[in-house]
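I have placed the structure first, in the form of structure tokens, so that the comments after it can refer back to it.
Number of protein chains: 2
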Amino acid sequence: MRIVITGGCGFLGRRVAIRLLEQGSGLGPVDELVLFDNAAPALPLPEDRRLRLITGDIADRDTVRRLIAPGTDAVFHLAAVVSGQAEADTDLGYRVNLDGTRAVLDACRALGQTDPKPPRLVFASSLAVYGGALPAAVGDDTALYPQTSYGTQKALGELLVNDYSRKGFVDGRALRLPTVVVRPGRPNRAASTFASSMIREPLAGQDAVCPVTPETVMALASPRRIVDGLVHALGLPGAAFGASRSLQLPGFSVAVGEMAAALRRAGGAAAAAHLSWQPDPLIQAIVSGWPRALATPRAEALGFGRDRDIDEVVRFFIEDDLPLQRQFAG
Amino acid sequence: MRIVITGGCGFLGRRVAIRLLEQGSGLGPVDELVLFDNAAPALPLPEDRRLRLITGDIADRDTVRRLIAPGTDAVFHLAAVVSGQAEADTDLGYRVNLDGTRAVLDACRALGQTDPKPPRLVFASSLAVYGGALPAAVGDDTALYPQTSYGTQKALGELLVNDYSRKGFVDGRALRLPTVVVRPGRPNRAASTFASSMIREPLAGQDAVCPVTPETVMALASPRRIVDGLVHALGLPGAAFGASRSLQLPGFSVAVGEMAAALRRAGGAAAAAHLSWQPDPLIQAIVSGWPRALATPRAEALGFGRDRDIDEVVRFFIEDDLPLQRQFAG
Numbered sequence: 000m001r002i003v004i005t006g007g008c009g010f011l012g013r014r015v016a017i018r019l020l021e022q023g024s025g026l027g028p029v030d031e032l033v034l035f036d037n038a039a040p041a042l043p044l045p046e047d048r049r050l051r052l053i054t055g056d057i058a059d060r061d062t063v064r065r066l067i068a069p070g071t072d073a074v075f076h077l078a079a080v081v082s083g084q085a086e087a088d089t090d091l092g093y094r095v096n097l098d099g100t101r102a103v104l105d106a107c108r109a110l111g112q113t114d115p116k117p118p119r120l121v122f123a124s125s126l127a128v129y130g131g132a133l134p135a136a137v138g139d140d141t142a143l144y145p146q147t148s149y150g151t152q153k154a155l156g157e158l159l160v161n162d163y164s165r166k167g168f169v170d171g172r173a174l175r176l177p178t179v180v181v182r183p184g185r186p187n188r189a190a191s192t193f194a195s196s197m198i199r200e201p202l203a204g205q206d207a208v209c210p211v212t213p214e215t216v217m218a219l220a221s222p223r224r225i226v227d228g229l230v231h232a233l234g235l236p237g238a239a240f241g242a243s244r245s246l247q248l249p250g251f252s253v254a255v256g257e258m259a260a261a262l263r264r265a266g267g268a269a270a271a272a273h274l275s276w277q278p279d280p281l282i283q284a285i286v287s288g289w290p291r292a293l294a295t296p297r298a299e300a301l302g303f304g305r306d307r308d309i310d311e312v313v314r315f316f317i318e319d320d321l322p323l324q325r326q327f328a329g
Numbered sequence: 000m001r002i003v004i005t006g007g008c009g010f011l012g013r014r015v016a017i018r019l020l021e022q023g024s025g026l027g028p029v030d031e032l033v034l035f036d037n038a039a040p041a042l043p044l045p046e047d048r049r050l051r052l053i054t055g056d057i058a059d060r061d062t063v064r065r066l067i068a069p070g071t072d073a074v075f076h077l078a079a080v081v082s083g084q085a086e087a088d089t090d091l092g093y094r095v096n097l098d099g100t101r102a103v104l105d106a107c108r109a110l111g112q113t114d115p116k117p118p119r120l121v122f123a124s125s126l127a128v129y130g131g132a133l134p135a136a137v138g139d140d141t142a143l144y145p146q147t148s149y150g151t152q153k154a155l156g157e158l159l160v161n162d163y164s165r166k167g168f169v170d171g172r173a174l175r176l177p178t179v180v181v182r183p184g185r186p187n188r189a190a191s192t193f194a195s196s197m198i199r200e201p202l203a204g205q206d207a208v209c210p211v212t213p214e215t216v217m218a219l220a221s222p223r224r225i226v227d228g229l230v231h232a233l234g235l236p237g238a239a240f241g242a243s244r245s246l247q248l249p250g251f252s253v254a255v256g257e258m259a260a261a262l263r264r265a266g267g268a269a270a271a272a273h274l275s276w277q278p279d280p281l282i283q284a285i286v287s288g289w290p291r292a293l294a295t296p297r298a299e300a301l302g303f304g305r306d307r308d309i310d311e312v313v314r315f316f317i318e319d320d321l322p323l324q325r326q327f328a329g
């Protein structure tokens, strides 16, 4: 198989790549794995002759057409401008998150000229598609009223994946990822970035600030669980998704105060002392607008799992990322 | 005021124009009214020095930027490729219905460089945004799973109108129009075209074929009511729409058999004899996937009305369109 991962040098893309190289795709042996991104990888990648890096602009249709070349069996489309940046730079957000997604979809569609079977496409959507007055738990039946350009662009991508799949141009699936915690690396411009920082930085011996109240409840999933979900989604037949290719992935709900308590349980008083609370009304308003709980019976029936609790998620971070985090954040 | 109507030579655009010229916009005197379309008008337009026609390509950004020139106060964006055509010609559908809408929105946004207040935009969406397993009555809270490219493109347009309005680039409102009956003119490539043909053609002395069963229930509105709704929407302040600029307009539900009965009541046995029934499984499947009833408490609270029944709607057609219909269909 030939598999392309856009945003392949991002933290999720890299992890999906490592998983595919180590454990296969579930669809057949991986012969070539192409990581596409707008910059060279900041984190180490495995030495593997199947791995290939391509740097370029996801919104450039010729580039993407050459990337998703004849013989491509599957695409993970993870490349995106994050929420804070898409909000601040409207043109950039639409260029990368909408034009880029269209370029990927049209490149997949163009494969139909030579390949009999449309490629599988796994598209990373987000909880940011929800907004407005939300029910107690959101899911596949919730009407989408995104409150950010990023959420809008993810909702646009879902609609496109559905239409192109219905027409047989691609065999797509759009997964609404819960907020991913604990992300390794440094803070980014996503409004959710504090949820990782408040655990990651203190465990690495650095200070972090929590801008929301301890009572704020978020719906989360660990990177391990998200990577499991992305790879699992690739292996499912398109028909399994039924009437819609959009799917809310499971997450677990936790109060931010409980996240701080888990930090203390894992890292002791020394780690806890690195965390301070400094309310930011803007961030509080954004995060309070996000869903607090996820209703995911369809995803569960399709075999997607959830993390047990925040302590397990913190343990995953310590096992998977803390050594590298100490090395790179130093 | 300077008002632009895209699709201004289409049957709704023309009628909105006549209404604005005769009765004003509700926002202020109309000084210039520009009808933009891809072809010259087929139907007569009033002699009015305020009226101006521009022909061009809605997806050409320079054209649209010149069209929505500084000083434009309001835009009705009605231009679209209809459902049958958008389904058959994917590229054309996306070009007109998505790229065209983006061109309109970006031209409105560009006005912000010179005009302090964003222009009002009325965008015509459609029941085609709904699909999949529908509740008994659909409305603003229904999750959108469009089953056609046209429906997808209308849903994309709604999301864009919402995001651009939230950011203050435009003061938009996206109205989900019920199926419009009785449309004047000739059949088009919309799957719903029979619903007008089955009344229009027999009353004009021509044969028509109904491709669905008499039990099929549809949610309809008359052109008069739709034009009322479009103009009423222009006059509402943006804040009236609350958290979402998307709004399901009211319609009335009627079985196709009852529509045939109304035809007989209005046109007698002579008209009824022109209607024959010839099931088309493809059209039946499409129409059966459409909502049978509309839940529109929000629109009603905002002052949008509905037609009383199919007899009233047939009477409107006879009063408003039948003379011209006889003349042009002859």
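Sequences listed follow chains A and B, in order.
If you're matching positions, the first sequence starts at 0 in numbering that gives the first Met the number 0 and goes up one per residue.
If you're matching positions, the second sequence starts at 0 in numbering that gives the first Met the number 0 and goes up one per residue.
Every residue gets a Cβ at the ideal spot worked out from N, C-alpha and C, and that includes glycine.
Is the shortest distance between the beta-carbon of residue i and the beta-carbons of chain B less than 9 Å?
i	result
Lys-116 (chain A)	no
Leu-143 (chain A)	yes
Leu-158 (chain A)	yes
Pro-296 (chain A)	no
Ala-106 (chain A)	no
Gln-22 (chain A)	no
Gln-146 (chain A)	yes
Val-10 (chain A)	The displayed chain sequence assigns Phe, not Val, to residue 10 (chain A). Taking Cβ atoms only, chain B never reaches closer than 9 Å to Phe-10 (chain A), which makes this a no.
Phe-122 (chain A)	no
Asp-368 (chain A)	Examination of residue 368 (chain A) is not possible in this model, given that chain A is present from 0 through 329 alone.
Phe-168 (chain A)	yes
Thr-151 (chain A)	yes
Asp-162 (chain A)	yes
Does the distance from the CB of residue i to the CB of residue j come in under 9 Å?
i	j	result
Pro-145 (chain A)	Tyr-129 (chain A)	yes
Ala-261 (chain B)	Val-312 (chain B)	yes
Ala-173 (chain B)	Ser-245 (chain B)	yes
Thr-71 (chain A)	Val-3 (chain A)	yes
Trp-276 (chain A)	Pro-186 (chain A)	no
Thr-147 (chain A)	Ile-285 (chain A)	yes
Glu-31 (chain B)	Arg-1 (chain B)	yes
Ser-221 (chain B)	Asp-306 (chain B)	yes
Ala-218 (chain B)	Ser-252 (chain B)	yes
Ala-154 (chain A)	Ser-124 (chain A)	yes
At the 9 Å Cβ level, is residue i part of the contact set with chain A, yes or no?
i	result
Ala-132 (chain B)	yes
Phe-75 (chain B)	no
Arg-165 (chain B)	yes
Ile-59 (chain B)	The residue you asked about is not Ile; residue 59 (chain B) is Asp in the sequence shown. No, its Cβ sits nowhere closer than 9 Å to a Cβ of chain A.
Val-15 (chain B)	no
If you compare alpha carbons, which of the options is closest to residue i?
i	options	result
Asp-59 (chain B)	B:Ala-268, B:Asp-105, B:Val-181, B:Leu-235	B:Asp-105
Gln-324 (chain B)	B:Ala-41, B:Arg-1, B:Tyr-149, B:Thr-5	B:Ala-41
Ala-102 (chain A)	A:Val-169, A:Arg-165, A:Ala-220	A:Val-169
Asp-279 (chain B)	B:Ser-221, B:Thr-215, B:Asp-320	B:Thr-215
Ala-298 (chain A)	A:Asp-36, A:Gly-250, A:Val-74	A:Gly-250
Ala-189 (chain A)	A:Gly-12, A:Ser-82, A:Asp-30	A:Ser-82
Arg-263 (chain B)	B:Leu-235, B:Leu-202, B:Leu-293, B:Pro-134	B:Leu-202
Thr-411 (chain B)	B:Trp-289, B:Ser-125, B:Tyr-149	Nothing in the structure corresponds to residue 411 (chain B), since chain B is present only between 0 and 329.
Asn-161 (chain A)	A:Arg-119, A:Pro-134, A:Ile-67	A:Arg-119
Asp-227 (chain B)	B:Leu-248, B:Val-208, B:Ala-218	B:Leu-248
Gly-9 (chain B)	B:Asp-206, B:Pro-183, B:Ala-85, B:Arg-108	B:Pro-183
Thr-295 (chain B)	B:Glu-31, B:Gly-167, B:Val-137	B:Val-137
Gly-131 (chain A)	B:Gly-171, B:Ala-85, B:Arg-165	B:Arg-165
Leu-133 (chain A)	A:Arg-291, A:Gly-302, A:Pro-322, A:Glu-157	A:Arg-291
Pro-177 (chain B)	B:Ile-317, B:Leu-20, B:Gly-304	B:Gly-304
Which bits of chain C does residue i rub up against, with CB to CB less than 8 Å?
i	result
Leu-155 (chain A)	Any reference to chain C falls outside this structure, whose protein chains are A and B.
Just to check, is the beta-carbon of residue i closer than 8 Å to a non-hydrogen atom of the ligand ADP?
i	result
Leu-143 (chain B)	Of the ligands one can find in the structure shown there are none, so the ligand ADP has no counterpart to examine.
* To do: Taking 8 Å as the threshold, find out whether the stretch 190 to 201 of chain B comes into contact with the stretch 234 to 248 of chain B through three or more Cβ pairs.
  => no
* **Chain-ordered residues of the stretch 79 to 102 of chain B with a beta carbon less than 7 Å from chain A** => Thr-89
* Asked: When the Cβ atoms of the stretch 72 to 79 of chain B are set against those of the stretch 15 to 35 of chain B, are three or more pairs found closer than 8 Å?
  -> yes
* Cβ pair count under 8 Å reaching 3, the stretch 23 to 30 of chain B against the stretch 219 to 239 of chain B -> Short answer: they touch.
* Can we say the stretch 134 to 145 of chain A touches the stretch 43 to 51 of chain A, given the rule of at least three CB pairs closer than 8 Å? -> no
* Anything in the stretch 235 to 258 of chain A with a Cβ closer than 9 Å to a Cβ of chain B? List those residues in chain order, please. => Gly-241, Ala-242, Ser-243, Ser-245
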